[in-house]
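Protein sequences appear in the order of chains S and D.
The numbering used here puts the first residue of the first sequence at 35, with every later residue one more than the last.
The numbering used here puts the first residue of the second sequence at 144, with every later residue one more than the last.
Virtual Cβ for every residue (Gly too), placed ideally from N, Cα, C.
Below you'll find the structure, written out as structure tokens, and then a few comments.
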Amino acid sequence: AQSVAQPEDQVNVAEGNPLTVKCTYSVSGNPYLFWYVQYPNRGLQFLLKYITGDNLVKGSYGFEAEFNKSQTSFHLKKPSALVSDSALYFCAVRDSPFGSARQLTFGSGTQLTVLP
Amino acid sequence: DTEVTQTPKHLVMGMTNKKSLKCEQHMGHRAMYWYKQKAKKPPELMFVYSYEKLSINESVPSRFSPECPNSSLLNLHLHALQPEDSALYLCASSHPNGGLAAPYEQYFGPGTRLTVT
Numbered sequence: 035a036q037s038v039a040q041p042e043d044q045v046n047v048a049e050g051n052p053l054t055v056k057c058t059y060s061v062s063g064n065p066y067l068f069w070y071v072q073y074p075n076r077g078l079q080f081l082l083k084y085i086t087g088d089n090l091v092k093g094s095y096g097f098e099a100e101f102n103k104s105q106t107s108f109h110l111k112k113p114s115a116l117v118s119d120s121a122l123y124f125c126a127v128r129d130s131p132f133g134s135a136r137q138l139t140f141g142s143g144t145q146l147t148v149l150p
Numbered sequence: 144d145t146e147v148t149q150t151p152k153h154l155v156m157g158m159t160n161k162k163s164l165k166c167e168q169h170m171g172h173r174a175m176y177w178y179k180q181k182a183k184k185p186p187e188l189m190f191v192y193s194y195e196k197l198s199i200n201e202s203v204p205s206r207f208s209p210e211c212p213n214s215s216l217l218n219l220h221l222h223a224l225q226p227e228d229s230a231l232y233l234c235a236s237s238h239p240n241g242g243l244a245a246p247y248e249q250y251f252g253p254g255t256r257l258t259v260t
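Encoded structure:
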């Protein structure tokens with residue numbers, strides 16, 4: 035079975051400060067990990083993914099995520115937050131092809147608010 | 144072009160109505176998805192089409208009926224819905240996942256906000 039946890043429902047950060055949105059996962063094989071962002075009344079937008087290789091993944095809009103296998107984490111980061119980054123963020127995981135799950139499992143979501 | 148379009152943006156329907164949601168993509172993706180999303184919750188997978196064939200039905204009630212007329216279009220036919228079916232319905236597409244290949248990211252449309260009265 036695969037699962038993903040986003041331990042914080044809400045994250046508040048001041049504009050210009052670094053931001054981190056946390057994600058931990060559980061899979062039986064090798065993980066494939068994704069971050070999506072959802073702005074109000076919009077669909078989800080793909081930000082970045084980890085498949086294999088470098089543990090630091092760079093994505094859209096200045097976001098990056100660090101894969102940590104020993105801590106089973108895939109935290110989303112940005113060095114300097116913008117008010118326009120305020121949105122709902124979802125982490126998602128897919129087990130390796132040898133796992134039983136056939137599709138993505140999404141986390142519960144983290145609402146990020148960047149304060150001016 | 145990485146756009147997935149959905150129509151209508153908003154839909155209000157009574158419990159006895161029949162309506163359809165439409166989704167279109169021109170990225171050459173051969174996998175298409177329907178999700179249901181309640182406010183502030185993650186999307187819930189409903190159906191997956193791969194190469195225009197239904198490959199996954201996540202035990203969705205029969206009042207929801209998907210259709211994939213061609214590789215660019217995906218419809219969701221609605222009939223005799225319940226008020227608890229009110230939600231944002233999202234369409235997504237991707238290259239098809241299969242075999243030993245790593246999964247591809249999905250591209251989502253803006254959704255149809257459905258209200259059942």
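Under 8 Å between C-beta atoms, does residue i make it to chain D?
i, result
"residue 120 (chain S)", "no"
"residue 59 (chain S)", "no"
"residue 96 (chain S)", "no"
"residue 56 (chain S)", "no"
"residue 134 (chain S)", "Here the model assigns residue 134 (chain S) a pLDDT of 46, short of 50, so the residue's position is not dependable, and the following value carries that caveat. For residue 134 (chain S), the answer is no, since every Cβ of chain D falls outside 8 Å of its Cβ."
"residue 92 (chain S)", "no"
"residue 140 (chain S)", "yes"
"residue 53 (chain S)", "no"
"residue 110 (chain S)", "no"
"residue 78 (chain S)", "yes"
"residue 87 (chain S)", "no"
"residue 101 (chain S)", "no"
Assuming residue i is part of the beta strand (DSSP E), what are its boundary residues?
i, result
"residue 200 (chain D)", "196-200"
"residue 66 (chain S)", "66-72"
"residue 55 (chain S)", "53-55"
"residue 60 (chain S)", "58-60"
"residue 35 (chain S)", "From DSSP, residue 35 (chain S) is part of no beta strand (DSSP E); its letter is neither H nor E."
"residue 79 (chain S)", "78-84"
"residue 249 (chain D)", "Neither: residue 249 (chain D) is in no beta strand (DSSP E) and is coded neither H nor E."
"residue 240 (chain D)", "Careful: residue 240 (chain D) lies outside any beta strand (DSSP E) and carries neither H nor E."
"residue 46 (chain S)", "44-48"
Is there a Cβ from chain S that is less than 8 Å from the Cβ of residue i?
i, result
"residue 184 (chain D)", "yes"
"residue 191 (chain D)", "yes"
"residue 146 (chain D)", "no"
"residue 227 (chain D)", "no"
"residue 195 (chain D)", "no"
"residue 171 (chain D)", "no"
"residue 251 (chain D)", "yes"
"residue 217 (chain D)", "no"
"residue 164 (chain D)", "no"
"residue 248 (chain D)", "yes"
"residue 233 (chain D)", "yes"
"residue 188 (chain D)", "yes"
When you compare the CB positions of residue i and residue j, do they come within less than 8 Å of one another, or not?
i, j, result
"residue 147 (chain D)", "residue 234 (chain D)", "yes"
"residue 149 (chain S)", "residue 55 (chain S)", "no"
"residue 193 (chain D)", "residue 173 (chain D)", "yes"
"residue 249 (chain D)", "residue 176 (chain D)", "yes"
"residue 140 (chain S)", "residue 126 (chain S)", "yes"
"residue 47 (chain S)", "residue 115 (chain S)", "yes"
"residue 185 (chain D)", "residue 142 (chain S)", "yes"
"residue 188 (chain D)", "residue 201 (chain D)", "yes"
"residue 76 (chain S)", "residue 246 (chain D)", "no"
"residue 58 (chain S)", "residue 39 (chain S)", "yes"
"residue 123 (chain S)", "residue 110 (chain S)", "yes"
"residue 165 (chain D)", "residue 149 (chain D)", "yes"
Taking the beta carbon of residue i as the centre, do at least 16 other beta carbons fall within 10 Å, making it buried, or is it exposed?
i, result
"residue 231 (chain D)", "buried"
"residue 65 (chain S)", "buried"
"residue 155 (chain D)", "exposed"
"residue 102 (chain S)", "exposed"
"residue 53 (chain S)", "buried"
"residue 95 (chain S)", "exposed"
"residue 182 (chain D)", "exposed"
"residue 236 (chain D)", "buried"
"residue 196 (chain D)", "exposed"
"residue 255 (chain D)", "buried"
"residue 105 (chain S)", "exposed"
Given that residue i touches chain A, what residues does it touch there, using C-beta distances under 9 Å?
i, result
"residue 123 (chain S)", "The structure shown contains no chain A; the protein chains it does contain are S and D."
Item checked: Complete beta strand (DSSP E) runs within the region 97-144 of chain S (minimum length 3 residues, chain order) -> Runs found: 98-102, 107-112 and 121-128.
Checklist line | Minimum length 4: unbroken alpha helix (DSSP H) runs contained in the region 144-225 of chain D | finding: Counting only runs of 4 or more, we get nothing.
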